[in-house]
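First comes the structure, then the notes that go with it.
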Amino acid sequence: MPTMQPLPTYLTCPEIAAALRIEPSTAYRWARDGIVQSVRVGGIVRVPVAELERIAGKATPSEETT
Numbered sequence: 001m002p003t004m005q006p007l008p009t010y011l012t013c014p015e016i017a018a019a020l021r022i023e024p025s026t027a028y029r030w031a032r033d034g035i036v037q038s039v040r041v042g043g044i045v046r047v048p049v050a051e052l053e054r055i056a057g058k059a060t061p062s063e064e065t066t
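Residue 15 in our numbering sits at position 15 of the sequence shown, with consecutive numbering throughout.
Here's what the structure looks like:
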């Protein structure tokens with residue numbers, strides 16, 4: 001019997017926005033424009049967690065004040 005792969009976990013645009021400290025409208029625009037992969041489930045835009053990790057990895061870390 002083949003092994004089953006775990007299903008990807010999805011977040012809403014407001015959840016993505018909170019994690020990245022951006023406005024929800026920016027997260028929706030990124031989904032609409034194809035900057036992040038997304039799916040619509042029952043009218044709600046969902047973004048895979050892997051996309052959050054990908055986008056967060058591109059962000060430049062803020063410099064810490066000493």
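Heads up, the beta-carbon is just placed ideally off N, CA and C, and yes, glycines get one too.
No experiment lies behind these values; they were computed from the predicted model shown.
Check your understanding: For the alpha helix (DSSP H) that contains Ile-16, what are its first and last residues?
Key -> For Ile-16, the enclosing alpha helix (DSSP H) starts and ends at 13 to 20.
Review point. Per DSSP, what kind of secondary structure is Ile-44 in: helix, strand or coil?
Key: In the structure shown, Ile-44 adopts extended strand secondary structure according to DSSP, grouped into three states.
Review point. To which residues does DSSP link Val-39 through a beta bridge?
Key: Among the bridge pairs identified by DSSP, Val-39 is matched with Arg-46.
Practice item. Note down the Cα distance separating Lys-58 from Val-39, rounded to an integer number of angstroms. Key: Within the model, the alpha-carbon separation for Lys-58 versus Val-39 is close to 22 Å.
Exercise for review: Quick one: using the 10 Å Cβ neighbour count with 16 as the cut-off for buried, is Ala-31 buried or exposed?
Suggested key: By the neighbour-count rule (16 or more Cβ atoms within 10 Å), Ala-31 is buried.
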